[in-house]
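Note sheet for the following structure.
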Amino acid sequence: MTPNSGAPRMLDLDFSKAFDTVPHRRLINKLQSLSLDSNIVDWIRQWLSDRQQRVVVNGVYSAQGLVTSGVPQGSVLGPILFNIFISDIAEGINGKVCLFADDTKICNRVDVPGGISQMTNDLGKLKKWSELWQLSFNVDKCKIMHLGCKNPRAEYRIFDTVLTSTSDERDLGVIISEDLRVSSQCNRAAGNASRMLGCVGRGISSRKREVLMPLYRALVRPHLEYCVQYWRPYLQKDIDLLERVQRRATKMVYGLKEKSYQERLNDLNMYSLEKRRDRGDMIETFKYVKGIHKVEEGSIFKRKQNSKTRGHSLRLEGQRFKSNIRKHYFTERVVDTWNSLPVEVVEAKTVIEFKQAWDRHKAILNKR
Numbered sequence: 001m002t003p004n005s006g007a008p009r010m011l012d013l014d015f016s017k018a019f020d021t022v023p024h025r026r027l028i029n030k031l032q033s034l035s036l037d038s039n040i041v042d043w044i045r046q047w048l049s050d051r052q053q054r055v056v057v058n059g060v061y062s063a064q065g066l067v068t069s070g071v072p073q074g075s076v077l078g079p080i081l082f083n084i085f086i087s088d089i090a091e092g093i094n095g096k097v098c099l100f101a102d103d104t105k106i107c108n109r110v111d112v113p114g115g116i117s118q119m120t121n122d123l124g125k126l127k128k129w130s131e132l133w134q135l136s137f138n139v140d141k142c143k144i145m146h147l148g149c150k151n152p153r154a155e156y157r158i159f160d161t162v163l164t165s166t167s168d169e170r171d172l173g174v175i176i177s178e179d180l181r182v183s184s185q186c187n188r189a190a191g192n193a194s195r196m197l198g199c200v201g202r203g204i205s206s207r208k209r210e211v212l213m214p215l216y217r218a219l220v221r222p223h224l225e226y227c228v229q230y231w232r233p234y235l236q237k238d239i240d241l242l243e244r245v246q247r248r249a250t251k252m253v254y255g256l257k258e259k260s261y262q263e264r265l266n267d268l269n270m271y272s273l274e275k276r277r278d279r280g281d282m283i284e285t286f287k288y289v290k291g292i293h294k295v296e297e298g299s300i301f302k303r304k305q306n307s308k309t310r311g312h313s314l315r316l317e318g319q320r321f322k323s324n325i326r327k328h329y330f331t332e333r334v335v336d337t338w339n340s341l342p343v344e345v346v347e348a349k350t351v352i353e354f355k356q357a358w359d360r361h362k363a364i365l366n367k368r
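Counting along the sequence shown from 1, when you hit position 8 you're at 8 in the working numbering, and nothing is skipped either side.
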């Protein structure tokens, strides 16, 4: 979903005690319907059967009760069985359904003819699926997000309850905002990193680089770079907000406090976060172009047709877009930089070779 997608809506579904309420009989029936080997189905049935549990309150034990629902959490098989159980939830749904463990999202456009009624029908089908398979939704936590600036805020219901409209929603650790901007995620990332850096500073007395920098790279910087190709900041205030954490970290090293930020980076053999994001963008682009990331061809990038202009044979073609935000998306912002790379860089055979070629290329540019 992008700003060019008209008026998209994202429905975020929340199952009520998802892993604990999967009915065993219905799960076994679904496994059998998939034509799995009968020995495997019997083994899973025995693995789930005859489980008992009891409650302990202030040292007092309740009577044991038979467990007839739920998949064991903390096991390898539990999440797999849950995914199998909900795998057919998308059948008959008009919108695009995204499943990850118990995190389920449905995206739909409502600016197309019948768009609002399609979303309403999808909610009705979800209600029927929930009743059929006895897996309830936590309606109070189910939310809908109206993406984009000119999105009519229609009201939707499920189980006769009006869905709550949200402006920000956390999805796999990244905050998605209804205006598709990334400032909320930048604030969260910088806040988490800053708090972790504070813990590091208070937890150790040494200020030697050999002690501080490995801790910074392992505990602090990941907060600033997790999934950053998706939410890379483009507003200067957000860029500075993230960089401020690394500035503070390099100042903590003994003997570097009075030096400039660039001098501290040089002494520590580090890059600024902005340069690391540039490098990360190109590494991810290389993986897509070379097929290391297994995605449908053309779903991420469109290859440019051969032309008489100079350049390598792996050039990409940018897409047309109306929104100014779109130019900051990963699939758009990397195109010009990738197309300008020398042949010897893009034709690297492995990711390691590409990293080395990119570093040499940037070193040459910096000397000019």
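Even for Gly, the Cβ is constructed at its ideal location relative to N, Cα and C.
For clarity, every value in this text was computed on a predicted model and none was experimentally measured.
Close beta carbons around residue i, own chain, < 8 Å, minus the five adjacent residues each side
i	result
phenylalanine 286	Ile292, Val346, Ala348, Val351, Phe354
histidine 56	Just to set this straight, residue 56 is valine in the shown sequence, not histidine. Cβ neighbours of valine 56 beyond the five flanking positions: Ser62.
arginine 26	Phe85, Trp133, Gln134
asparagine 4	Because asparagine 4 sits at a pLDDT of 47, beneath the cut-off of 50, its placement in the model cannot be relied upon, and the point is left open.
valine 162	Glu155, Tyr156
histidine 361	Leu341, Pro342, Val345
Where residue i sits in the DSSP three-state scheme
i	result
proline 222	helix
leucine 13	strand
aspartate 20	helix
histidine 146	strand
asparagine 29	helix
aspartate 171	strand
proline 342	coil
arginine 51	coil
proline 233	coil
tyrosine 329	coil
proline 8	strand
glutamine 99	It is worth fixing the name first, because residue 99 is leucine in this sequence and not glutamine. Strand at leucine 99.
lysine 275	helix
isoleucine 93	coil
asparagine 366	helix
threonine 104	strand
methionine 1	Annotation note: pLDDT 46 at methionine 1 (below 50); position unreliable, no value reported.
glycine 291	coil
leucine 163	coil
lysine 70	It is glycine, not lysine, that sits at residue 70 in the sequence shown. Three-state result, glycine 70: coil.
glycine 311	coil
glutamate 155	coil
CB contact flag (residue i, residue j, <8 Å)
i	j	result
phenylalanine 159	lysine 127	yes
leucine 147	glutamate 169	no
glycine 95	isoleucine 106	yes
valine 228	leucine 135	no
leucine 224	serine 183	no
leucine 31	isoleucine 116	no
methionine 213	tyrosine 156	no
glutamine 46	glutamine 53	no
isoleucine 144	leucine 11	yes
arginine 333	lysine 327	yes
threonine 331	isoleucine 300	yes
cysteine 142	leucine 34	no
valine 220	alanine 249	yes
tyrosine 370	glycine 173	With the chain covering 1 to 368 only, the question about residue 370 has no answer from this structure.
glycine 311	asparagine 269	no
valine 289	leucine 314	yes
isoleucine 175	arginine 188	yes
aspartate 122	phenylalanine 15	no
asparagine 279	tryptophan 231	According to the sequence as given, residue 279 is arginine; it is not asparagine. The answer is no: Cβ separation not under 8 Å.
histidine 24	serine 69	yes
serine 167	arginine 153	no
arginine 51	valine 71	no
Local Cβ density within 10 Å of residue i, reported as buried at 16 or more and exposed below that
i	result
leucine 215	buried
leucine 372	Outside the modelled stretch of the chain, which goes from 1 to 368, sits residue 372, for which no answer is possible.
leucine 241	buried
alanine 218	exposed
asparagine 108	buried
serine 87	exposed
serine 49	exposed
glutamine 185	buried
serine 38	exposed
tryptophan 43	exposed
serine 130	buried
arginine 303	exposed
leucine 77	exposed
isoleucine 364	exposed
proline 342	exposed
arginine 202	exposed
Beta-carbon proximity list for residue i, same chain, < 7 Å, skipping 5 on both sides
i	result
glutamine 73	Phe19
beta-carbon residue i near the ligand NAP non-hydrogen atom, thresh 7 Å
i	result
methionine 196	By its list of ligands, the structure shown contains no ligand whatsoever, and the ligand NAP lies outside what it can speak to.
6 Å CB neighbourhood of residue i in its chain, flanking five on each side removed
i	result
glutamine 246	Leu273
threonine 104	Leu13
glutamate 243	Leu273
Short CB-CB distance (under 8 Å) between residue i and chain D
i	result
threonine 164	In the structure shown, chain D does not exist; there is a single protein chain.
Open item on the list: Taking contact to mean 3 or more Cβ pairs, one atom from each stretch, closer than 8 Å, check whether the region 206–217 and the region 250–270 are in contact.
Closed with: yes
- [ ] Decide yes or no for the touch test of the region 226–240 against the region 272–283: beta carbon pairs closer than 8 Å, at least 3 of them.
- [x] yes
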